[in-house]
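Residue numbers (my numbering): 18 to 449.
Each remark here refers to the structure printed beneath this line.
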């Protein structure tokens with residue numbers, strides 16, 4: 018296991034007035050089938066703590082975490098600034114309703130909107146003003162985006178255009194509109210009827226998207242890099258052509274930056290690498306460093322469609338999550354984590370290609386920043402399980418891609434360990 022300089026803060030004991038009874042790892046694993054719905058295929062591991070880029074199981078085994086809670090734990094585990102922020106704000110105020118302001122929602126909104134505005138100006142020369150809506154997750158961000166674009170056309174433009182084009186291979190969440198936007202039958206099976214109005218096109222194919230747009234379509238919503246679909250990257254120039262197409266047709270362009278945003282791909286927002294200015298984006302995952310928070314950022318004329326009473330959420334933007342979001346962004350700036358994601362992502366691709374580029378089972382090695390995928394021919398789940406045996410945690414994307422989304426704090430030694438263990442796992446499972 019690679020050396021690591023991270024030192025976790027000391028553990029804080031639970032108050033003596035109430036300490037829950039501890040369960041053993043075996044009891045938890047065995048009881049899961051009795052008390053949980055079978056929604057997940059949990060590996061037989063129970064993690065009780067983490068340190069930096071490591072997860073530590075109840076039996077003390079350490080694992081290098083190159084999943085990071087599916088791109089959530091950008092600062093890693095047990096980061097001292099994050100721990101202190103949660104404790105400090107919890108002593109002050111956790112939640113109250115959105116009938117009132119709290120001390121952190123507006124400052125975080127101002128910071129995110131300013132970053133979005135600056136990115137649009139620097140990337141595409143487009144000056145705009147943005148506004149934010151806070152929610153609790155990426156799926157809720159999709160729901161808000163769908164409602165926003167439909168209400169914008171029907172109430173601001175006074176011409177209903179409820180149709181929305183999304184892309185095959187996408188993933189936008191598990192709620193009903195988000196699932197309907199997700200052009201993948203396996204996520205929709207058994208949940209019909211779906212929310213109407215969605216049309217599906219080929220990702221990276223401008224002609225396919227253009228063919229789906231008529232006067233009833235009001236928006237194109239897609240990921241910059243398809244995460245769950247297999248870490249799929251669009252061809253060069255696609256997003257510039259798409260931006261032009263949407264502008265010409267009077268269609269809004271919305272980008273799902275739930276997985277790609279907040280530094281994951283080597284820029285704060287992934288669209289910055291495409292030379293465009295979208296009309297709206299939505300964020301979650303790494304925004305809270307593990308605390309559930311999401312945000313939709315939209316140019317002002319679009320955002321104003323959400324007038325009082327049109328959309329809301331009980332927990333969205335509460336004092337705890339928005340304070341944590343401010344701290345996460347500040348730590349990322351202070352420690353240069355966006356640049357680290359760019360540099361370590363390039364190094365990870367280099368090491369993966371050096372270790373596995375000539376293996377007959379490897380179909381492709383691709384990615385952007387610290388969002389990388391190795392596409393394999395063979396039993397990918399067995400490879401992932403073997404990685405776990407070797408002390409490395411990775412995840413599945415699509416049906417045949419081993420996905421790497423490590424914390425943004427990782428260094429070269431972590432990257433080298435991960436590449437070496439994946440190579441060993443591939444050779445063990447799929448042959449030399």
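Beta carbons are placed, not taken as given, at the ideal position from N, Cα and C, and that holds for glycine.
Residues sharing a beta bridge with residue 240, DSSP
Along the chain shown, one-based indexing puts residue 240 at 223. Residue 240 is bridged to 273.
Do you know whose CA, among 196, 218, 216, lies nearest residue 209's CA?
Your numbering for residue 209 matches position 192 in the chain shown. Cα-wise, what sits closest to residue 209 is 196.
To the nearest angstrom, report how far apart residue 360 and residue 193 are at their CA atoms.
For the purposes of this step, residue 360 is taken as residue 343 along the chain shown, with counting starting at 1. For the purposes of this step, residue 193 is taken as residue 176 along the chain shown, with counting starting at 1. Straight-line Cα distance between these residues: approximately 38 Å.
Taking all protein chains shown into account, do 16 or more other C-beta atoms lie within 10 angstroms of the C-beta of residue 173, making it buried, or fewer, making it exposed?
Taking the chain shown and counting its residues from 1, one reaches residue 173 at position 156. Result: exposed.
As a quick exercise: from 54, 362, 68, 41, pick the residue whose alpha carbon is nearest that of residue 62.
The count along the chain shown starts at 1 and reaches residue 62 at position 45. For the residues 54, 362, 68, 41, the minimum Cα distance to residue 62 belongs to 41.
For residue 389, the first and last residue of its enclosing beta strand (DSSP E):
In the chain shown, residue 389 corresponds to position 372, counting from 1. Run containing residue 389: 389-393, per the beta strand (DSSP E) assignment.
Tell whether a beta-carbon distance below 8 Å holds between residue 242 and residue 368.
Along the chain shown, one-based indexing puts residue 242 at 225. Along the chain shown, one-based indexing puts residue 368 at 351. Against a cut-off of 8 Å, the Cβ pair of residue 368 and residue 242 comes out as no contact.
Measure the alpha-carbon distance for residue 104 versus residue 111 and round it to whole angstroms.
Stepping through the chain shown from its first residue, residue 104 is reached at position 87. Stepping through the chain shown from its first residue, residue 111 is reached at position 94. Between residue 104 and residue 111, the C-alpha separation is close to 10 Å.
Kindly indicate which three-state DSSP category residue 314 falls into: helix, strand or coil?
Stepping through the chain shown from its first residue, residue 314 is reached at position 297. Strand, per DSSP.
Which residues mark the beginning and the end of the beta strand (DSSP E) in which residue 160 is found?
The residue labelled residue 160 in the question sits at position 143 within the chain shown. Residue 160 -> not in any beta strand (DSSP E); alpha helix (DSSP H) instead, spanning 155-168.
I need the straight-line Cα distance from residue 308 to residue 347, nearest angstrom please.
Along the chain shown, one-based indexing puts residue 308 at 291. Along the chain shown, one-based indexing puts residue 347 at 330. When rounded, the distance between both Cα atoms is 16 Å.
In three-state DSSP terms, what is residue 414?
By 1-based counting over the chain shown, the position of residue 414 is 397. Three-state DSSP puts residue 414 in a strand.
Establish whether the CB of residue 160 and some CB of chain B are separated by less than 8 Å.
No chain B is part of this structure, which consists of one protein chain only.
For residue 58 and residue 46, the rounded distance between their alpha carbons:
Mapped onto the chain shown, residue 46 falls at position 29. Mapped onto the chain shown, residue 58 falls at position 41. C-alpha separation (whole angstroms): 12 Å.
How many Å lie between residue 400 and residue 142 at the Cα?
Here the question's residue 400 lines up with position 383 in the chain shown. Here the question's residue 142 lines up with position 125 in the chain shown. About 45 Å.
Starting from residue 72, follow the beta strand (DSSP E) in both directions and report where the run begins and ends.
Position 55 of the chain shown holds residue 72. First-last of the beta strand (DSSP E) with residue 72: 71-74.
For a test of the three-state rule: what should DSSP assign to residue 20, helix, strand or coil?
Numbered from its first residue, the chain shown carries residue 20 at position 3. With a pLDDT of 49 at residue 20, under the threshold of 50, the modelled position of that residue is not reliable, and the figure given next carries that caveat. Residue 20: coil per DSSP, three-state reduction.
In whole angstroms, what separates the C-alpha of residue 81 from that of residue 325?
Here the question's residue 81 lines up with position 64 in the chain shown. Here the question's residue 325 lines up with position 308 in the chain shown. Going from the Cα of residue 81 to the Cα of residue 325 covers about 46 Å.
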